[in-house]
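Taking it in order: structure first as C-alpha cells, then the write-up.
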Amino acid sequence: MAELDAELHVQHLSHSFGPHEILRDISFNLKEGHVISVVGPSGGGKTTLLHLCAGFLDVEEGKVTNTFNKHAFAFQETRLLPWQTTLDNIAFGLKAQGMRKQQRYHLATEIALRFGLEKKDLSKFPKDLSGGMRQRVSFARALVIEPQLLFLDEPFSALDIGLKQELQQILIQLISDGRLTVFFITHDLMEAVRLSDQIIVLDVDPGRVAHTFTIEKPQQERDDAYVYAETAKLLANPVIIKTFELSIASSRNKPDKGAAA
Amino acid sequence: MNALLNIIKNFPKYLWSGWGAVSSIFLFITLWEFGFQQYGELVLPSPQSTFHTLWTMLHTDSIMQDVHITVKRAMWGFIISAGLGSFLGMLAGLFVTASIMSRPIITILMGMPPIAWIVLAMIWFGTGDNTVIFTVVVASFPIVFVGALQGTHTLEGDLKDMSDSFKAPLLMKFTDVYFPHIFSYIFPAWIAALGMSWKIVVMAELLSTPDGIGAALAVTRSHLDTAGALALVTIMIGFLLFIEYVFMEPIKREVEQWRN
Ligand SMILES: Nc1ncnc2c1ncn2[C@@H]1O[C@H](COP(=O)(O)OP(=O)(O)OP(=O)(O)O)[C@@H](O)[C@H]1O
Ligand SMILES: [Mg+2]
C-alpha cells in the first residue's frame, strides 16, 4: 500500500469562474499526519480551493494529486439532508459504506454524544437544530467514517469558545495519534495556530499564497500561553496586516479575537 | 415502514385534535338551519330533512351503486394522472428544453375550462366511463406534472456533491437524496389532484353519463328535489373530508415533518 507516503499535492493551481480569476498559482504539499490551514479574507477563494482539492470542481489549470484512500468533508454550509434526523445525517457516510443499521446508529450516537449533542437531539430534523448544532452534526458525519484526510471548511465558526476548544482537542488527539491528516479553512487565526503545522495566508483578488508560516512545536505541547503569543506575533506580521487590511487599532496585539472573522 | 407505524401511532392524537374542525362544521349547520328558516323548504331544506333524506338514500341499493361507480371513475382518473404526471413531469424537469417546451402546453391545459373538455370528450368517447375519466385526467394531470417538474428541476448540486464525497452508491443517492426532495413536491400535487378529480368527476357525470353521483344529481334537479340534491352534496363532501383528513393529512404530517 501507499499508506506511508499518502499526500495531497497541489501544483500551480489556478481557477477562474468565467472571467473572474479566483485562484492563481497555488502550490503546497500536505503530507500524511500533518495539518495545513488556509486563512484569508472572506471571498478570497478558500472554499473554491477546498472544492478543487476534493474534486467537486474540475481542475482547469495546474494539478491536484490526492493519494489518500478515504477522505471526508465538513462543508461550510453543513449540507445536512433536511429530511433526515440528526442520527441519520451523522450515519450517512457509514450507510454509504454499507454498514448495518444497528451498528451505524451505535457509532453515530456515540460520536454525537461526544460532540456535546444530547440524546433528544438525535431524532430532530436539521430545521430544529441551532446553527452550532448543525455544524457539529456535519463535523460528526465527517469524522465518524474515520477518514484519512479531513477537509474542514470553517467547521467551528458557529460554536462557543468552550465547544470549539473541546472539538479542537478531539482533533488534536486524532492528529497526535497519527490517524488524521487535515486540510483546514478558518477565519480564526488562533484556531489555525493551535491546530496547524503550516498556515497558508491567502491573499485576495486573485487568491494567491501571500505567505506560509510553519509551526514546529507538536500540537499537543501548545498550551494557551503559547497559542496567544504566536497569534500575537502573527497579528503583528506585515503580511497578515496587509492581507486582512487590519487597521492600526486591531493590530495592537490583542490575540483573543480571530483576525477577520 | 417506520413511517407507516408512526402514522398509525399518532392517529388517535390527530383525531382528538379534530374537535375544532367538528365544532366549525356544527357552526356551519347552524347557519344552514337559519337559512332554512328564512327561505323555506324549496330553496334550502332544513338540515334535519336533508339528513333524513340522506339516511333513506344510503339505504337504497342504487345510490350505493352510484357512489361506487363515481369513486371508481375518480380513482382511475386520479391514478392515471398521478402516474403519468409524475413520470413525465420528472422527465421534463431533467431536461431544460423539455421543461421550456412543456410550459405553454401546461398553460393551455390548465387554462382550458373542464366544461369544454367534457364537450370534446363526449364527441370523442360518447357517454360513459371514458368520457369522465378523460376529463378527470385532463384536469388533474397538469397539476401533478408541474409538481413533478419542479421537483426534479430544483434538485441541488450541493447535496449531490455531499453524497458523492461520502461515495454514496447510486441507489442510496436516489433513496436518501433525490427521492425525498422530489417527493416533497409531488406529494402536495397529488393531494391537489385528488381533490380536483373528485370535483371534476361529478361535473362530468352530471353532463355526460346515465349513472354515478353526478347523474343522480341531475335527476334530483329535474325533480326539483332540493333535499335529495343536498343529500348527494353531503355524500360528496363527506367523501372529500374523509379522504382529505383521514388519509391524506396524517400521511402529509408524517412525510413533511422535516419542513418548517
Ligand atoms: N460557483 C461559482 N460561480 C461563480 N463564482 C463563484 C462560485 N463560487 C464562488 N464564486 C466566487 O468566488 C469567490 C471566492 O469564493 P469562495 O467561496 O471560495 O470564498 P471564501 O474564501 O471561501 O470566502 P468565505 O471566507 O466567506 O467563505 C467569490 O467572489 C465568489 O463570488
Ligand atoms: Mg468559504
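As they're listed, the protein sequences go chains A and B. Under our numbering, the first residue of the first sequence is numbered 1, with each subsequent residue one higher. Under our numbering, the first residue of the second sequence is numbered 1, with each subsequent residue one higher. Glycine included, each C-beta is placed from N, C-alpha and C at the ideal position.
Residue i (DSSP reduced to helix, strand or coil)
| i | result |
| --- | --- |
| lysine 70/A | coil |
| lysine 31/A | strand |
| lysine 63/A | strand |
| serine 102/B | helix |
| histidine 20/A | strand |
| phenylalanine 213/A | strand |
| arginine 259/B | coil |
| serine 208/B | helix |
| leucine 44/B | coil |
| arginine 222/A | coil |
| arginine 221/B | helix |
| leucine 94/A | helix |
| histidine 52/B | helix |
| arginine 208/A | strand |
| histidine 59/B | coil |
| phenylalanine 87/B | helix |
| leucine 120/B | helix |
| leucine 13/A | strand |
| phenylalanine 151/A | strand |
| leucine 171/B | helix |
| glutamine 102/A | helix |
| threonine 186/A | coil |
| serine 339/B | The displayed coordinates of chain B run from 1 to 260. Any statement about residue 339/B would go beyond what the structure contains. |
| glutamine 173/A | helix |
| glutamine 76/A | coil |
Inter-residue Cα distance where the pair is residue i and residue j
| i | j | result |
| --- | --- | --- |
| cysteine 53/A | proline 19/A | 21 Å |
| tyrosine 14/B | isoleucine 8/B | 10 Å |
| glutamate 156/B | alanine 231/B | 49 Å |
| serine 184/B | isoleucine 106/B | 21 Å |
| phenylalanine 213/A | threonine 67/A | 24 Å |
| glycine 33/A | glutamate 256/B | 43 Å |
| aspartate 160/A | valine 136/B | 57 Å |
| glutamate 118/A | aspartate 128/A | 13 Å |
| proline 12/B | glutamine 37/B | 38 Å |
| arginine 114/A | leucine 143/A | 12 Å |
| tryptophan 198/B | alanine 21/B | 21 Å |
| arginine 194/A | proline 206/A | 27 Å |
| valine 182/A | glycine 147/B | 43 Å |
| glycine 132/A | leucine 50/A | 21 Å |
| threonine 152/B | leucine 206/B | 38 Å |
| glutamine 165/A | tyrosine 226/A | 15 Å |
| arginine 104/A | threonine 86/A | 13 Å |
| isoleucine 200/A | leucine 171/A | 19 Å |
| phenylalanine 174/B | phenylalanine 187/B | 17 Å |
| isoleucine 29/B | phenylalanine 51/B | 11 Å |
| glycine 212/B | leucine 122/A | 51 Å |
beta-carbon residue i near ligand 4 non-hydrogen atom, thresh 7 Å
| i | result |
| --- | --- |
| threonine 78/A | This structure simply doesn't include ligand 4; it includes ligand 1 and ligand 2 instead. |
Chain-order list of residues whose beta-carbon lies under 6 Å from that of residue i (same chain, five-residue window excluded)
| i | result |
| --- | --- |
| serine 102/B | Ala92 |
| serine 49/B | Ala227 |
| lysine 63/A | Gln11 |
| isoleucine 63/B | Met57 |
| phenylalanine 242/B | none |
| alanine 6/A | Glu32, Thr67, Phe68 |
Cβ neighbours of residue i in the same chain (closer than 8 Å, five flanking residues each side left out)
| i | result |
| --- | --- |
| asparagine 130/B | Ala121 |
| glutamate 146/A | Lys70, Arg179 |
Cβ distance (whole Å) where residue i is taken to contact residue j below 8 Å
| i | j | result |
| --- | --- | --- |
| phenylalanine 244/A | phenylalanine 166/B | Incorrect: roughly 34 Å between the Cβ atoms, too far for contact. |
| isoleucine 22/A | aspartate 197/A | The pair is not a contact, with the Cβ atoms about 26 Å apart (cut-off 8 Å). |
| leucine 13/A | valine 59/A | 7 Å |
| arginine 79/A | serine 138/A | 7 Å |
| aspartate 161/B | phenylalanine 56/A | 5 Å |
| valine 246/B | alanine 193/B | Actually they do not touch by this definition, with Cβ atoms about 18 Å apart. |
| valine 132/B | serine 81/B | The Cβ separation is near 13 Å, so there is no contact. |
| tryptophan 258/B | tryptophan 83/A | 4 Å |
| serine 176/A | glutamine 135/A | The pair is not a contact, with the Cβ atoms about 23 Å apart (cut-off 8 Å). |
| methionine 196/B | alanine 139/B | 6 Å |
| valine 202/B | threonine 70/B | 7 Å |
| isoleucine 215/A | glutamate 230/A | 7 Å |
Same chain, Cβ closer than 7 Å to residue i, neighbours up to 5 away in sequence not counted
| i | result |
| --- | --- |
| alanine 216/B | Ile63, Asp66, Leu232 |
| serine 46/B | Glu33, Phe36 |
Point to revise | Interface positions of the segment 117-136 of chain A facing chain B (Cβ-Cβ less than 8 Å), listed along the chain | key: Phe125, Pro126, Lys127
Check your understanding: Which residues, in chain order, does the segment 169-193 of chain A contribute to contact with chain B at a C-beta distance below 8 Å?
Key -> none
Exercise for review: Could you please tell me which residues of the segment 149-162 of chain B, in chain order, have their CB closer than 8 Å to any CB of chain A?
Suggested key: Asp158, Leu159, Asp161, Met162
Check your understanding: Got a sec: which bits of the segment 168-188 of chain B sit with their beta carbon under 8 Å from any beta carbon on chain A, in order along the chain?
Key -> Ala168, Pro169, Met172, Asp176, Val177, Pro180, His181, Ser184
Practice item. Closer than 9 Å, Cβ to Cβ, to anything on chain B: give me those residues from the segment 147-168 of chain A, in chain order. Key: Phe151
Practice item. Please list the residues of the segment 92-110 of chain A that have a C-beta atom closer than 7 Å to any C-beta atom in chain B, keeping them in chain order. Key: Phe92, Gly93, Lys95, Ala96
**Study point:** Interface positions of the segment 49-68 of chain A facing chain B (Cβ-Cβ less than 9 Å), listed along the chain
**Key:** His51, Ala54, Gly55, Phe56
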